[in-house]
Amino acid sequence: MTQINVRVDGVTYTDDVEPRTLLVHYLREQLGKVGTVIGCDTSNCGACTVHLDGAAVKSCTVLAVQADGGEVTTIEGLAPNGGLHPVQKAFHEMHGLQCGYCTPGMIMASVDLLKENPDPSDTEVREGIEGNLCRCTGYQNIVRAVQQAAGEMRGAGSVSPAEVDTAAAPHVVGQA
Amino acid sequence: MIPAAFEYARPTSIDEALQAIADGGDDVKVLAGGQSLIPVMRLRLAAPETVVDLGRVAELRGVRDDGDAIVIGAMTTHHDVMTDPLVQQHAPLIAEATETVADRQVRARGTFGGALVHADPAGDLPAVALALDAEFVIAGLQGRRTVPAADFFVDYLTTAVEEGELLVEVRVPKLAGEWGMRYEKFNRVAQAWSIVAVAAVVRREDGHIAEARIGLTNMGTTPLRATAAEAALAGAEATPEAIAAAARSAAEGTSPSSDLNAQADYREHLAQVLTRRAVTAAAGL
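Just so you know, the sequences run in chain order A and B.
If you count the first sequence from 1, you need to add 9 to reach this note's numbering.
For the second sequence, position 114 (counting from the first letter as 1) is numbered 94 according to this note's numbering, and the numbering increases by one without interruption.
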């Protein structure tokens, strides 16, 4: 066993882990952070994406011991006090999901993308989340959600849910 | 799936790392960014006795200017390589190819040196290193040696790095004169490996191509230089017709595999098309 000190969603943990423990298993099974899900288990799908020291990583492809001394943010710690991060809010408003399984990873990858590129083109959004697979949506509303969040985070398109133009996501009409 | 149990060492210097490798038993794996090693360990395709994690060896990270070359530390992440000003200035081909590696999460962890030592025939960086005539600095307990790219890639997943050794850094010579570079990659879906890719580095002089260096990705068990096309381009006019004619010999001397993505003859076709495109762009046409 190896002792690790890691800060997860603002809380510091000291734990003994086997070196072979994957970060995603540590987060889910030892810390109960089940908001981070396991999708493909082959480093492809990105569902398990978290931020490690400020960068999006696939937590199924990082050992927990590699996070020792580091800072991890999961989907559960993205916004304080049960609130929603602008990207979470935009995925909700623009219906950027269907089954929702890819959503935690999609959101964590999108937040990382917007940090580096606050005003991406649609193509840049699609390339920025190429490491995340959604098998339901066809990505259209995911891209719209990321763009809406980008606008809000730039301070340009700050809109409350009631004012969202649902014409941008036609099939959402009536579901709100 | 989780990896099989292993002994874990986390050195903080190159010397400590070499000692840890020496002490690690018969089956030691060096962990760089882990974006290839952890997946194969998870699938139990690799079950090393000891894993030596280079994550804390700070002296292996970063890019520096060394006069006639830029020097890229083996543990520099793909993200840090492609955003590095020295790389962008002196070896934009590396930045261009690195941007096509996998996806942003993998590029945040995966490393330049790790990808080169892994030497996957479909990996993008080996052919780029070959086209740039990079030099590989390898450390062992007995000292350091430098291996040219032409001798570094030995066979499938096999490089000149021997057991007990470590790739420390890669020297990329600065190019003098009017050089252009281009990486042309063909794959079918996002984050996929190259089916074939071509790295072209071209020097123009008085409307002619003075020198062309062409690296081929996934046209054999190792990255290859398209030597016949390079010879046909040397001294040729910098015209679309001359480049197209030379590119027809791009697959000479290669031995591409056939797999689910492509048959060998299709790969040969791709090598010609991508060579024409890459050289044309690198020549500024």
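We put the beta carbon where it would ideally sit given N, CA and C, even for glycine.
Predicted model only: the values in this text are computed from it and were never measured.
- In this structure, DSSP gives I116(A) a helical state, which the three-state scheme calls helix.
- Burial state of A119(B) is buried, judged by a 10 Å Cβ sphere holding 16 or more other Cβ atoms.
- Annotation note: the segment 193 to 257 of chain B contains the following uninterrupted alpha helix (DSSP H) runs of length 4 or greater, listed N- to C-terminal: 207 to 213, 220 to 227.
- Non-local C-beta neighbours of A111(B) in its own chain, meaning closer than 6 angstroms and more than five positions away in sequence, comprise A179, V181, R193, G195, ordered along the chain.
- Residue environment: A209(B) is assigned as buried (16 or more neighbouring CB atoms within 10 Å of its CB, all protein chains considered).
- Of all residues in the segment 36 to 55 of chain A, those with a C-beta nearer than 8 angstroms to a C-beta of chain B are D50, T51, S52, N53, G55, reading in chain order.
- Interface with chain A (8 angstroms Cβ-Cβ cutoff): Y136(B) is excluded.
- Apart from the 5 residues on each side of it in sequence, G94(B) sits with its Cβ closer than 6 angstroms to the Cβ of A12, G13 in its chain, given in chain order.
- The beta carbon of H58(B) is closer than 6 angstroms to those of T78, V81, R87, G90 in its chain, skipping five residues each way along the sequence.
- For Q122(B), the three-state secondary structure derived from DSSP is coil.
- At least 8 angstroms separates the beta-carbon of P(-17)(B) from that of T70(A).
- A straight line joining the alpha-carbon of C54(A) with that of R144(A) spans about 10 angstroms.
- For the segment 137 to 153 of chain A, the set of positions with a beta-carbon nearer than 7 angstroms to some beta-carbon of chain B reads G137, E139, G140 in chain order.
- Under the 8 angstroms criterion on CB atoms, Q171(B) is classed as interfacial with respect to chain A.
- Looking at L105(B), R(-10)(B), P28(B), E143(B), the one whose alpha-carbon comes closest to that of T197(B) is L105(B).
- Boundaries of the beta strand (DSSP E) around K165(B): 158 to 166.
- Here DSSP, grouped into helix, strand and coil, assigns H104(A) to coil.
- What V74(A) touches in chain B, judged by beta-carbon distance under 8 angstroms, is Y(-12), R(-10), D33, going in chain order.
- DSSP places A154(A) inside the alpha helix (DSSP H), whose first and last residues are 149 to 162.
- Close to M(-19)(B), with beta-carbon spacing below 7 angstroms, are these residues of chain A in chain order: D50.
- Here DSSP, grouped into helix, strand and coil, assigns F116(B) to strand.
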